[in-house]
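Line by line, the protein sequences are chains A and B. Going by our numbering, the first sequence runs without a break in its numbering and finishes at 258. Going by our numbering, the second sequence runs without a break in its numbering and finishes at 304. Virtual Cβ for every residue (Gly too), placed ideally from N, Cα, C. Note sheet for the following structure.
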Amino acid sequence: MNIVVCVKYVPDATADRRFEDDNTVDRVGVDGLLSELDEYAVEQALQVKEKLGDDTEVTVLSVGPEQATDAIRKALQMGADKGVHVVDDAIAGSDALATSLVLAEAIKKIDHDLVVCGMASTDGSMGVVPAMLAERLDVPAVTLGSEVEVDGTTVRIRRDGDAATETIEGTLPLVLSVTDQSGEARYPSFKGIMAAKKKPVETWSLGDLGVDAELVGLSAAWSTVEETSARPPRTQGEVVTDEDGSGATALVEFLASKKFI
Amino acid sequence: MSEVLVLVDHVDGKVTKPTLELLTIARRLGEPSAVVIGSVDTSSLKQYGAAKIYTVDDADIKGYLVAPKAEVLAQLVEKTSPAAVLLPSGGEGKEIAGRLAVKTGSGLITDAVDVAADGTTTQSVFAGSYTVQAKVTKGTPIITVKPNSATPEQADGEGAEEEFSVTISDRAKSARITASEPRKASGRPELTEAAIVVSGGRGTGGDFSEVEGFADSIGAAVGASRAAVDSGWMPHAFQVGQTGKTVSPQLYVANGISGAIQHRAGMQTSKTIVAVNKDEEAPIFELVDFGVVGDLHAVLPRATEEITKRKG
Ligand SMILES: Cc1cc2nc3c(=O)[nH]c(=O)nc-3n(C[C@H](O)[C@H](O)[C@H](O)COP(=O)(O)OP(=O)(O)OC[C@H]3O[C@@H](n4cnc5c(N)ncnc54)[C@H](O)[C@@H]3O)c2cc1C
Ligand SMILES: Nc1ncnc2c1ncn2[C@@H]1O[C@H](COP(=O)(O)O)[C@@H](O)[C@H]1O
């Protein structure tokens, strides 16, 4: 089986994320990394490969700036077999529609049965790219899996929804997305880190994909950000230390003063 | 006035509150048309201003996930050229919106917390540390709106019902739900709709009864950190944060929760924030309007008792 895992290079969530003057996300000035939520996608792809125990190949695919190779490299260290990096100046500032277009065209060029995505990117956090990919590739989508099972050409997931826990099935080829409940992602081993150095990473441009540069990037965006503003930081209120029940009393007083009781 | 399509969310034949919020917002943009896939009691749709109600029989598509629903909406967009399409934010709403955007060549904005009459949306990003104003510039604006983004306001709607029959491709039916186990009702308010949320984290040590008791004394919904969910103490549906629910209640009480950025992402925009934590250095205290440094096992039962006494 051939598996493609889509991974995104994102600004570190624990750093000070910010916007550029043109209201796009600053992807250069802030340290970036492989989106933590996409590590779960890599993990599930590797588990499928390990369970099948055959010549299944896992390709990691990322659309992003030069530094996005770091994200691809991390996935290779975890155990993926090869990487594809789509990088092109024209892509900067692309929204989900344009990103999904580029991803879909790249996936079409890679042999694939199963496409695995994370549940959402940790920066944009729209969680729409997997559905858009399914639409563009004309295949089913089984999304937000917290448990994944591949059985022949059937992919079965468990989804923990608000109203119910569901079992969902689709037939390959399809797009799968997994949540952070799907199982701890592995750390790269020393052996993995060494092996990754020799794994191939191809770099493709929009031209290689036959995608018109006019269709992507900030100027082609389907929506525009008109204004970004930092929310004023919250100011710390009173903090009391509990001594023999004084904390509970003060808490109740506070809640009563705000009319919550 | 142009129509504004509102996808109706319903549970057990009843229209949910977020749908009424969407209808309220839709009235700013045009004339709301409710789109009902399946069957619901339509009286509340009329009460909240739906001028038209398109009903689509779901006998054929029940159990087939979101793709057929996106096809229904695409055909309605084609037919009505609406000013916008509004959907509830949430896994399903966002997926339908994503597919609809591709199908109709339209711009998409997700997780809006406000929509103005000219279609300008407000979103809260980067764990709630930024506010963003955006607007769709191509095609039909497709906007998913978070729960609690508007107060539902009644308005008489004609509610003219029109059965809309659609052709669903076989392809849209290629992924399906094969089993479903409904979640047990907790009897407490819905997490994303509640005015007060009381949550517990790793600091509870696994026993949520004190958190629940306190929540019940002030009529709150119960939430949890991912650490508590990962430990199997609470189901995932209760998780607050980046990969759980975003809540923005009047009051949020965090108990035994350190306040990691991913947790903040789900509660930072709450009106009033209170924390109980035994570590005075816990980052959650940077956010609080009121905090108690102390052991939650001592503070919560005592506070619950005092509140119960006050209420007599
Ligand atoms: C991609 C990603 C997504 C994530 N998404 C989420 C998310 O959606 N929601 C979420 O919550 N987290 C999320 N996390 C995890 C997050 O980073 C933290 O690990 C998590 O929030 C910690 O939970 P906690 O505060 O309960 O536990 P801890 O950080 O361990 O904090 C426990 C706190 O309890 C206090 N405590 C202990 N005993 C007591 C006592 N007896 N009385 C009072 N206080 C006590 C301690 O002082 C401490 O501050 C995510 C992480 C990643 C990487
Ligand atoms: N630029 C990208 N390159 C590769 N994969 C991506 C990219 N953007 C999004 N994805 C995939 O789509 C998922 C959902 O992203 P999003 O819709 O942006 O929240 C992510 O978890 C990734 O698997």
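1. To the nearest angstrom, report how far apart Met(-2)/A and Ser36/B are at their CA atoms.
2. Can you grab the Cα-Cα spacing for the pair Ala210/A / Gly131/B, in whole Å?
3. Tell me whether the region 16 to 29 of chain B and the region 42 to 59 of chain B touch, counting them as touching only if at least three CB pairs, one residue from each stretch, are closer than 8 Å.
4. Any heavy atom of ligand 2 closer than 6 Å to the Cβ of Asp159/A?
5. Considering only residues of the same chain and omitting the five flanking positions on each side of Phe156/B, which have a CB-CB separation below 6 Å?
6. List, in order along the chain, the chain B residues whose C-beta lies closer than 8 Å to that of Asp177/A?
7. Does any residue of chain A have a CB that is nearer than 7 Å to the CB of Glu278/B?
8. Taking 7 Å as the threshold (C-beta atoms), are Val284/B and Val291/B in contact?
9. Identify the continuous alpha helix (DSSP H) that holds Pro230/A and give its terminal residues.
10. So is the beta-carbon of Ala218/A under 6 Å away from any non-hydrogen atom of ligand 2?
11. Strictly closer than 7 Å from CB to any heavy atom of ligand 2: give me those residues in the order they appear in the chain.
12. Report the three-state DSSP secondary structure of Thr300/B (helix, strand or coil).
13. Just to confirm, does Arg218/B get its C-beta within under 6 Å of one of the non-hydrogen atoms of ligand 1?
14. Can you pull the chain A neighbours of Lys86/B, defined as C-beta to C-beta under 8 Å?
15. I want to know whether the region 10 to 23 of chain B touches the region 102 to 110 of chain B - three or more CB-CB distances under 8 Å.
16. Of the residues Thr96/B, Glu150/B, Lys237/B and Pro275/B, which one's Cα is nearest the Cα of Gln233/A?
17. Using DSSP with H/G/I as helix, E/B as strand and the rest coil, what is Gln39/B?
18. Determine the burial state of Phe282/B: buried for a count of at least 16 other Cβ atoms within 10 Å of its Cβ, exposed for fewer.
19. Hey, which unbroken runs of the beta strand (DSSP E) at 3 residues or more fall wholly within the region 253 to 284 of chain B?
20. Answer with yes or no whether the minimum CB distance from Ile281/B to chain A is below 7 Å.
21. Is it buried or exposed for Glu273/B, if we count other Cβ within 10 angstroms and need 16 for buried?
22. How is the alpha helix (DSSP H) around Thr47/B delimited, first residue to last?
23. Does the region 188 to 200 of chain A touch the region 86 to 98 of chain A, meaning 3 or more C-beta pairs lie closer than 8 Å?
24. Is it right to say Asp177/B is buried, meaning 16 or more other beta carbons lie within 10 angstroms of its own, or is it exposed?
25. Does Ser31/B come within less than 7 Å of chain A when only Cβ atoms are used?
26. Just to make sure I have the definition right: I need the residues of chain A whose C-beta is within less than 7 Å of the C-beta of Phe118/B. Which are they?
27. Indicate the three-state DSSP secondary structure (helix, strand or coil) for Phe16/A in the structure shown.
28. Thinking C-alpha only, which one of Gly120/B, Leu92/B and Ile134/B is nearest Met129/A?
29. What residue from Val113/A, Val27/A and Val4/A has the CA that sits closest to Leu59/A's CA?
30. Would you say Gln233/A lies against chain B (beta-carbon separation less than 7 Å)?
31. So with CB distances below 8 Å, who are the chain B contacts of Leu94/A?
32. When you compare only the Cα positions, how much space is there between Ile69/A and Gly214/A?
33. Using a threshold of 6 Å, is the CB atom of Leu171/A nearer than that to any non-hydrogen atom of ligand 1?
34. Applying a beta-carbon distance threshold of less than 9 Å, which residues of chain B neighbour Ser220/A?
35. Can you give, in chain order, each stretch of the beta strand (DSSP E) that sits fully within the region 180 to 220 of chain A and has at least 3 residues?
36. What residues of chain A sit near Glu298/B, judged by a beta carbon separation below 7 Å?
Working from what's here:
1. 50 Å
2. 20 Å
3. yes
4. no
5. Tyr46 and Val48
6. Arg218 and Thr235
7. yes
8. yes
9. Premise fails: Pro230/A is in no alpha helix (DSSP H) and is neither H nor E.
10. no
11. Cys3/A, Val4/A, Lys5/A, Ser32/A, Leu34/A, Asp35/A, Ala38/A, Leu58/A, Ser59/A, Val60/A, Gly61/A, Ala93/A, Thr96/A, Leu100/A, Cys114/A, Gly115/A, Met116/A, Ala117/A, Ser118/A, Gly121/A, Ser122/A, Met123/A, Gly124/A, Val125/A, Val126/A, Pro127/A and Ser174/A
12. helix
13. yes
14. Met123, Gly124, Val125 and Ala128
15. yes
16. Pro275/B
17. helix
18. buried
19. 264 to 269
20. Just to set this straight, residue 281/B is Asp in the shown sequence, not Ile. Cβ-Cβ to chain A under 7 Å: yes for Asp281/B.
21. exposed
22. From DSSP, Thr47/B is part of no alpha helix (DSSP H) but of the beta strand (DSSP E) over Lys44 to Val48.
23. no
24. Strictly speaking, residue 177/B in this sequence is Ala, with Asp absent from that position. Answer is exposed; the Cβ neighbour count stays below 16.
25. no
26. Arg14
27. strand
28. Leu92/B
29. The sequence given here has Ser at residue 59/A, not Leu. Ranking the options by Cα distance to Ser59/A, first place goes to Val4/A.
30. yes
31. Ala93, Val94, Gly99 and Leu100
32. 22 Å
33. no
34. Gly99, Leu100, Ile101, Thr113, Ala126, Lys127, Val128, Thr129, Lys130 and Pro133
35. 198 to 201
36. Ala245, Thr246 and Val249
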